[in-house]
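Asker: Residue numbers (full-length UniProt numbering), protein chains in the order written: chain F, 1 to 675; chain B, 1 to 675; chain P, 1 to 675. Using N, Cα and C, we set each Cβ at its ideal position, and we do this for glycine too. Note that the structure is predicted; figures quoted are calculated from it, not measured. The structure is given below, and queries will be raised subsequently.
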Amino acid sequence: MINEKLPKIWYGGDYNPEQWDKPVMEEDLRMFKLAGIDVATLNVFSWALSQPDEDNYDFQWLDEIMDRLHESGTYVCLATSTGAHPAWMAKKYPDVLRVDFEGRKRKFGGRHNSCPNSPTYRKYSALIAEKLAERYKDHPALLIWHISNEYGGYCYCDHCADAFRGWLKERYATLDTLNKAWNTRFWGHTFYEWDEIVPPNALSEEWGTDNTNFQGISLDYRRFMSDSLLDCYKLEYEAIKKHTPHLPITTNLMGTYKPLDYFQWAKYMDVVSWDNYPSLNTPVSLTAMTHDLMRGLKQGQPFMLMEQTPSQQNWQPYNSLKRPGVMKLWSYQAVARGADTVMFFQLRRSVGACEKYHGAVIEHVGHENTRVFRECAELGAELQLLSDSLLDSRVQARVAIVYDWENRWAVELSSGPTVALKYVDEVHKYYDALFQQNIQADLIGTDTDLSGYDIVIAPVLYMVKKGYAKRVEDFVRSGGTFLTTFFSGIVNENDIVTLGGYPGELRNVLGIWAEEIDALFPDQSNQIVMSEPWGELSGDYSCGLLCDLIHTEGAQVKAVYGSDFYQGMPVLTVNQYGSGQAWYVASSPEPSFLQGFISNLCRDKGIVAPIAPIPGVEISQRIKDDRSFLFILNHNDSSVNLELGNLRAIDLLTGQSISSSESLSAKGVLVLEIK
Amino acid sequence: MINEKLPKIWYGGDYNPEQWDKPVMEEDLRMFKLAGIDVATLNVFSWALSQPDEDNYDFQWLDEIMDRLHESGTYVCLATSTGAHPAWMAKKYPDVLRVDFEGRKRKFGGRHNSCPNSPTYRKYSALIAEKLAERYKDHPALLIWHISNEYGGYCYCDHCADAFRGWLKERYATLDTLNKAWNTRFWGHTFYEWDEIVPPNALSEEWGTDNTNFQGISLDYRRFMSDSLLDCYKLEYEAIKKHTPHLPITTNLMGTYKPLDYFQWAKYMDVVSWDNYPSLNTPVSLTAMTHDLMRGLKQGQPFMLMEQTPSQQNWQPYNSLKRPGVMKLWSYQAVARGADTVMFFQLRRSVGACEKYHGAVIEHVGHENTRVFRECAELGAELQLLSDSLLDSRVQARVAIVYDWENRWAVELSSGPTVALKYVDEVHKYYDALFQQNIQADLIGTDTDLSGYDIVIAPVLYMVKKGYAKRVEDFVRSGGTFLTTFFSGIVNENDIVTLGGYPGELRNVLGIWAEEIDALFPDQSNQIVMSEPWGELSGDYSCGLLCDLIHTEGAQVKAVYGSDFYQGMPVLTVNQYGSGQAWYVASSPEPSFLQGFISNLCRDKGIVAPIAPIPGVEISQRIKDDRSFLFILNHNDSSVNLELGNLRAIDLLTGQSISSSESLSAKGVLVLEIK
Amino acid sequence: MINEKLPKIWYGGDYNPEQWDKPVMEEDLRMFKLAGIDVATLNVFSWALSQPDEDNYDFQWLDEIMDRLHESGTYVCLATSTGAHPAWMAKKYPDVLRVDFEGRKRKFGGRHNSCPNSPTYRKYSALIAEKLAERYKDHPALLIWHISNEYGGYCYCDHCADAFRGWLKERYATLDTLNKAWNTRFWGHTFYEWDEIVPPNALSEEWGTDNTNFQGISLDYRRFMSDSLLDCYKLEYEAIKKHTPHLPITTNLMGTYKPLDYFQWAKYMDVVSWDNYPSLNTPVSLTAMTHDLMRGLKQGQPFMLMEQTPSQQNWQPYNSLKRPGVMKLWSYQAVARGADTVMFFQLRRSVGACEKYHGAVIEHVGHENTRVFRECAELGAELQLLSDSLLDSRVQARVAIVYDWENRWAVELSSGPTVALKYVDEVHKYYDALFQQNIQADLIGTDTDLSGYDIVIAPVLYMVKKGYAKRVEDFVRSGGTFLTTFFSGIVNENDIVTLGGYPGELRNVLGIWAEEIDALFPDQSNQIVMSEPWGELSGDYSCGLLCDLIHTEGAQVKAVYGSDFYQGMPVLTVNQYGSGQAWYVASSPEPSFLQGFISNLCRDKGIVAPIAPIPGVEISQRIKDDRSFLFILNHNDSSVNLELGNLRAIDLLTGQSISSSESLSAKGVLVLEIK
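Next up, the structure:
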């Protein structure tokens, strides 16, 4: 349990009473009760308020709010307020201001605005975190710490340049090693002194989004920046932990947010939390995948849904209302996939500035007689009903999908073969095929042990890190099914090609050689022609994006290309290796192929869905000791009939046993305990 | 009359003989006579010529031109030449150079290039204006002053930052007030010292076009910049007025140009003038609306058409020729809507630099045997015929449309609910509905008295300024018909939400509450379903963009939504309030709805068109004492039959009485005096 | 012959063994032999390697490579390595770093990165070139010098600003002349001191791509920058020539690369070389035209194909593989059009950084058993067969197309009449019409003598340089056929309009006056209506982009516009002038019109194709003394039948006589010697 003080699914969200007159808070507390809200995230952006100048701190305002919340029975997720520095600090110590990708020194404004290598920022962010910890360490309302807010963005200032050189010395020890790692003899970029190295931005090696002359330096700068921001987090973490070793600490992540390697971050987080902001047209399976990724950051440990909107967002181009039932549906989706909290941004809408049209439990009208509030209150009541039953239960998957930030950076920094290759899209294609068939998957990093899985899918495993190929071989040799795709096995951690033929270090386990890689224009396609019918697959399927021209070296051909000069060359192969199989998909297939393919693989492994797939209906399972919970989520705009056969289960929201055939309303949810 | 020296519609335009050898001017004067041209705008960009260095001025070249024009019978609109500073000034006093939105110090180049808070610019621009006034105050050719040229653009330099802080102190007195007005506790932006405040640009709070973290500072910076440029104008105005109190002063505006609040500017202009540059595909009703807006800046006082092209422009992507007749048609459109001048940019085409492919009365060929010249001469002759008959006549409208620059800034700075909401488009939709039915409208500001109107339409009245709701209530209570739309009544002048339910201060008069605001994707729509047939309206109409979800609180429902989860909720309501009615249109309707709707409203008020609508034919009326002039403008590419019934009128261009049925040629114009 | 040491078509390419361990080079040499590779371009980017700091040079690595290549029978094209400066130089002497178009001082990175007016760069680039010349002047492997690499890009730093002022003083002598040449009285830009002039970039007169307030300064800056980079080249050229007067020197150009006026450059090149990188969807006739342009730079002298990819590129959005046969086909296309070398970028794929996915003769797999290698080896064998037979043969064309960099700059810097006018497109339209009919053309500059041609086509000859109109008149008077189009004859070399009516100085020879120029929107078109059938032309053809409204002044009307208000006005005219004809095409026609038109013109001049056109089959002829070589290139994806009638010829690749009917396979090539 995240904190045993509140042994249920936490319900609440960001709350800024310091932006309001005091009577408003009293009204808020009344409504929190109506809505079943029991957690408020405080102090997210109040640094300027608490520290009006360099020498003075004033937390009285926060004391009052903490106390009043406690009296009212609301717990606190306490932020450290370092997500945006005060204006006075920017004026007095300009080193806190970033230099942006274009090389421009920023002025005061916005958020995500502090240079992570600024001595001033590091000093004062840790200091205020420590002051908060000292002050509130024994406060009865305090449940958890929330460091800073949505860490993000990069800086390219001289402090960062210096720190980058230090980071590089640590990593490479000598310039010879570095020059080799970055292949600097290309274009005559050999470095003879450390301080010849400058950050890669629009003034030096990079341009636009993800274009670089040297992948080596660009990759390392991303690692370095992710580490630099993480260092800021760790400074606060340590300052707090000294005083409250017993309390969990988190920071709110942002799903597949590209600039930070969250697998590194999660190591220093007591519990993962994240902010979920799908748009009206985000595929539900992409949201599900992102939950699974967040769960995977700490090997399946339940996570916190730290933010979602009760209805509207404000920063999309077109900010649709969440349709009736959708907020609840998506909240249960989070829980179904491992969340032990349901929290909103925000409890009360702000009255001015750029987020005032972002949805809130309490809208500008200020009372509870709104559709949005009613839906929030309904969910609040249900979460109270569910009590602690689901807490700490785990998803148990036999299939894993590898997701790697560093690999994504490298894939998308690549100059050639195609600009259309987007790592998340390719991962999602495979995830979606599992999702559509109600097969649970874990998203795992490259450090995660593979031996617990039956099937491991690693789409576009372009970068193969030291020792990873060996681990894949061990996995397959021991009976595992491994699957990877085109443009895999190409480079090492520095984006240096593994010579001797693609897919490099994976060539052995896959039993193939990829001689060439053709890039297709968006209006071009090829075909996957099955050599013979296999399970759900037969005939032809469309594919595109990239087409590897492969030769088998031991692998068996399951399908060939249908056209172009490489017609008849293999496009789908399987290699028997030890007791297992290694599959190679040489192009990017259409969804129907992937569903058939994944279905075949799972059937071979005896992996079955708890319920047969129904279009638009999501299934997820959580298990705790001997209890098993099944979530059935109807994303359709109309009700569906569920044929549950002889499934014996209790509907946890009604306490009733379910029957063999149930109707589930549009956007409806069933939370069942299987008996 | 603008100046009684020339009691007719002035005809002429920008003229730069200083760019040419002297014999060319003699040839020009010969052709001016042929074309009936009697006004030349001089000295628009000659600062560098008149002031070759800091200490010396030389106006001899201008003396000669002024005298020669006078001898030849051409009057002068005399510009002050401060629209672009000299190169020597930029080198010697870099403070005249702007810092742009990206934070970059500009170098010498272009025009609109002076920092409005540059001490150097302010000093020397006022000084040269005064020198000109002293020198030419008694020149017989001088008709009017033309200060600078097309003021525009913003600056973000340190001088501006300082001046901005001063402007803010003036407005807010204390930082407490300012912090509250901008809601700076959001994202922890509290200011403790004035000099912590920096201009909002791409280095601080803004990005791209109209994106900001803090609407409060961004709105104020727009006000401040509009004021700063206006201050420059006023410095020159006062310098001139000292010497020529009897002569009118203007500067050329640019229609709906967004960065400057022209309602503030017009207060300091003796006569409004503007530059009209529609493209081939600009709706004629949008041009008409812009004329009406320019007329509205000074409450209906006749204005000057300062610039239009005789044919081609040069800065559009595709610069079509004005088709035969179009230049004349669009000139009369200006006159029909209140212009007492018809002036061109330019009288002679320049031989080099970026405007050399902009049309002119005298083209590069240099003689009068061109289509363009012939059309100019034809119009010149007609304007001589019209003599002083139309001068000082006024448009009399019973319908007003509210147009507010500050509201536009706020609407388009809003983060959410949709990026697709463009203020001018929404205003134009309502204007167009009136225009298509030959109903005259005034475009008015928020200072304008409402009591003279029967119907006041305020599309997207998002920002409700102090006291304005009360004025609307008074207007309606006294029998007026008020109409506003979705996303109205939301904020005050600082973009701070009026709490307690939308549409805030307008909720009382409208008798509704808007609970939520749904944003539709561009490919989505809803329907306006009439509760019962009403006048020209029945059945269903399409609507989109935003859909307010409203509840009536006294208002009557005239139509409901046709689909989505808010199907059946009101989309069109009317509230009886005192003796009047207040209408609310909760979404953005298709044109056919608006035409029926506006037609119903006008019929209820007894407002009738002087002539029944004919597609593509524009009607406008000007009235002076007991004389009434009717303009009929055929924008079609073919002739139309006019059924004029028993209208008794004289064609002012032929002196003939019109008959009950007249044929009007393609692009043809009738200027009638009604008897 | 470029160098008689190697009397055959050179075959090889860029080679960087210094990026590899030594054993790799041995393997490379083995494979070079297999592939028939006899030339390696060395040292392109090794400045940092050879000069590790300011005072030390180390060429031992290069000695070894040169010697080893020589031993192995491979010749060397030796680069000077100055295409990218070392990192230490950027740190120690920041003047080598450019200031970019946005006014930003660059930091170390990329290539094309040296300021051409940097004293440091000029000093050390010439110095290393001289050191290389001294060291290798007698090396037996050395065939040719390759200065720097793909010169390109502009700089806007203070050194460049100073040098620009010096360049301007040289050109204009006085500011009065300059002010007049740039028409600076427009917008009051008169300069009184030289140092008031700043480079035209995004901080001063320009914005985006090709937008400027003053065409005069922008044109001159382009000339100045082209000259500045050329000065850098010349410094190296002279340093080398001192030591190796007998060896040819080149630098690799980039076809129609806009920023550099290659006609000026070619004067200082002993042989032209260029890098040919078409995309999958580049029209083959555009590639052919570019070869012809490169050949035209030195009046038909054979050129070097310095770079092409064996298969894939890496910097296109979608990098298709070159289909089987295409590399060979395109190699022969180069030879057919005048190349005496076939060289690749690159011989071995790099292992890291941004070009590692660019194709190479030796791929990452490292052995010869690849499709790409096999195709390279096949071509290598053929080139050995061809021996010296084709060397020094010339293309002989009776048609010339004028191509002028300065004119292109001016056309595309123009503000109005349309943004859609792209010079290369218009030139290519006329080239393509010739190409489709197997008529050989030369691309010539404005210095080239016209008297050798029967037909001279000058599309959009917007800028008419001093004396050029006279040369056109002489050409026509003597019987030549001259053809130009809309928007021609408008300005002089400073973009100052020639007054008195378009097409200015060409009006006399063309016998027309263009009164107006209409710009069409992309979805608009007009028609060319033939006055009577003429040869292959009759009826109507579509046209668009711009439509000149012309009047004949002696010319005969061959076709008129079909619609709009200028329906019936001439669109195609011909003027008899002396013994010749001058044609004017007043709009941009569809291809079928141009093919008919060009066909008529050629027939009138008795110009006939060596073989009747077959769709997709390219023909080119090279002639040497009394030997004539015919290339037949099948660009189709299927084989074609060639009906060769009584053509008597030997297939040089088989030694066989051809028969009257031959089948040519998809992508196949015939190299015939006509008997």
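If you run the structure through DSSP and keep just helix, strand and coil, what is Cys547 (chain B)?
Answerer: It is a strand residue.
Asker: Who pairs with Ser587 (chain P) in a beta bridge, going by DSSP?
Answerer: Looking at the DSSP assignment, Ser587 (chain P) forms a beta bridge with P:Cys547.
Asker: For the region 12-42 of chain B, enumerate the residues whose C-beta is nearer than 8 angstroms to any C-beta of chain P, in chain order.
Answerer: So the close ones are Asn16, Glu18 and Gln19.
Asker: Measuring only between beta-carbons, confirm whether Asp316 (chain B) sits less than 9 angstroms from chain P.
Answerer: Per the sequence shown, the amino acid found at residue 316 (chain B) is Gln instead of Asp. Yes, its Cβ sits closer than 9 angstroms to a Cβ of chain P.
Asker: Could you tell me whether the region 435-448 of chain B touches the region 489-500 of chain B, using the rule of 3 or more Cβ pairs below 8 angstroms?
Answerer: Contact fails: fewer than three Cβ-Cβ distances are below 8 angstroms.
Asker: Taking the alpha-carbon of Gly109 (chain B) as reference, which of P:Val198, P:Ser50, P:Phe59 and P:Ile528 has the nearest alpha-carbon?
Answerer: Gly109 (chain B) has its Cα closest to that of P:Val198, out of P:Val198, P:Ser50, P:Phe59 and P:Ile528.
Asker: Exposed or buried, residue 676 (chain P), counting other C-beta atoms within 10 Å across all chains shown (16 or more means buried)?
Answerer: Lying before the first or after the last residue shown, residue 676 (chain P) is absent from chain P, which here runs from 1 to 675.
Asker: Excluding five sequence neighbours on each side, which residues of the same chain lie with their C-beta closer than 8 angstroms to the C-beta of Glu553 (chain P)?
Answerer: Closer than 8 angstroms at the Cβ level, and outside the excluded window around Glu553 (chain P), lie Arg507, Gly511, Ile512 and Trp513.
Asker: Classify Ala173 (chain F) as buried or exposed, calling it buried when 16 or more other Cβ atoms lie within 10 Å of its own Cβ.
Answerer: Classification for Ala173 (chain F): exposed.
Asker: With Gln384 (chain B) as the anchor, note down where its alpha helix (DSSP H) starts and where it stops.
Answerer: From DSSP, the alpha helix (DSSP H) with Gln384 (chain B) extends over Arg371 to Leu386.
Asker: Identify the continuous beta strand (DSSP E) that holds Pro570 (chain B) and give its terminal residues.
Answerer: Counting along the chain, the beta strand (DSSP E) containing Pro570 (chain B) begins and ends at Pro570 to Tyr577.
Asker: Where do the N-terminal and C-terminal ends of the beta strand (DSSP E) with Asp14 (chain B) fall, by residue?
Answerer: Per DSSP, Asp14 (chain B) belongs to the beta strand (DSSP E) from Trp10 to Asp14.
Asker: Nearest-angstrom Cα distance between Trp274 (chain P) and Pro7 (chain P)?
Answerer: Whole-angstrom Cα-Cα distance: 20 angstroms.
Asker: I believe Ala458 (chain P) touches Gln215 (chain P) by the beta-carbon criterion, under 8 angstroms. Please report the beta-carbon distance rounded to the nearest angstrom.
Answerer: The Cβ separation is near 20 angstroms, so there is no contact.
Asker: Once the 5 residues before and after Tyr566 (chain F) are set aside, which same chain residues still bring their CB inside 6 angstroms of it?
Answerer: Closer than 6 angstroms at Cβ, skipping near neighbours: Leu549.
Asker: Here's a check: name, in chain order, each residue in its chain whose Cβ is nearer than 6 angstroms to the Cβ of Gly359 (chain P), leaving out the five neighbours to either side.
Answerer: Thr309, Pro310, Ser311 and Gln312, listed in sequence order.
Asker: Restricting to Cα atoms, I'd like to know which of B:Gly504, B:Ile455, B:Ala586 and B:Phe435 is closest to Lys466 (chain B).
Answerer: Per the Cα distances, B:Gly504.
Asker: Would DSSP call Tyr154 (chain B) helix, strand or coil?
Answerer: Note: Tyr154 (chain B) maps to coil in three-state DSSP.
Asker: Only counting runs of 4 or more residues, tell me where the alpha helix (DSSP H) segments fall wholly within the region 588-643 of chain B, in order along the chain.
Answerer: With a minimum length of 4 residues, the continuous alpha helix (DSSP H) runs that stay inside the region 588-643 of chain B are 591-605.
Asker: Between residue 699 (chain B) and Asp95 (chain B), is the Cβ-Cβ spacing less than 9 angstroms?
Answerer: As shown, chain B starts at 1 and ends at 675. That puts residue 699 (chain B) outside it, with no answer to give.
Asker: Please confirm if Tyr192 (chain F) has its CB atom under 9 angstroms from at least one CB of chain P.
Answerer: Yes, Tyr192 (chain F) counts as interfacial toward chain P.
Asker: Since Phe45 (chain F) and Ala84 (chain F) are thought to touch, with beta carbons under 8 angstroms apart, how far apart are those beta carbons, to the nearest angstrom?
Answerer: Yes, they are in contact, since the Cβ atoms of Phe45 (chain F) and Ala84 (chain F) sit about 6 angstroms apart, within 8 angstroms.
Asker: Assuming Ile598 (chain F) and Asn438 (chain F) form a contact by the criterion Cβ under 8 angstroms, report the distance between their Cβ atoms to the nearest whole angstrom.
Answerer: About 11 angstroms; that fails the 8 angstroms criterion.
Asker: State the Cα-Cα distance for the pair Asp564 (chain F) and Ile632 (chain F), rounded to the nearest angstrom.
Answerer: Spanning the two alpha carbons is a distance of roughly 45 angstroms.
Asker: Of all Cβ atoms in chain F, is any one closer than 9 angstroms to the Cβ of Ile517 (chain B)?
Answerer: True, the Cβ-Cβ gap to chain F drops below 9 angstroms.
Asker: Can you pull the chain P residues whose beta carbon is under 8 angstroms from the beta carbon of Pro200 (chain F), in chain order?
Answerer: Those are Gly109, listed as they occur along chain P.
Asker: Have a look at P:Cys160, P:Arg471, P:Ala334 and P:Val342 and flag the residue whose alpha-carbon is nearest the alpha-carbon of Trp10 (chain P).
Answerer: Ranking the options by Cα distance to Trp10 (chain P), first place goes to P:Val342.
Asker: Counting C-beta neighbours from all protein chains within 10 Å, is the total for Trp315 (chain B) 16 or more, i.e. buried, or is it exposed?
Answerer: When all chains shown are included, Trp315 (chain B) counts as exposed.
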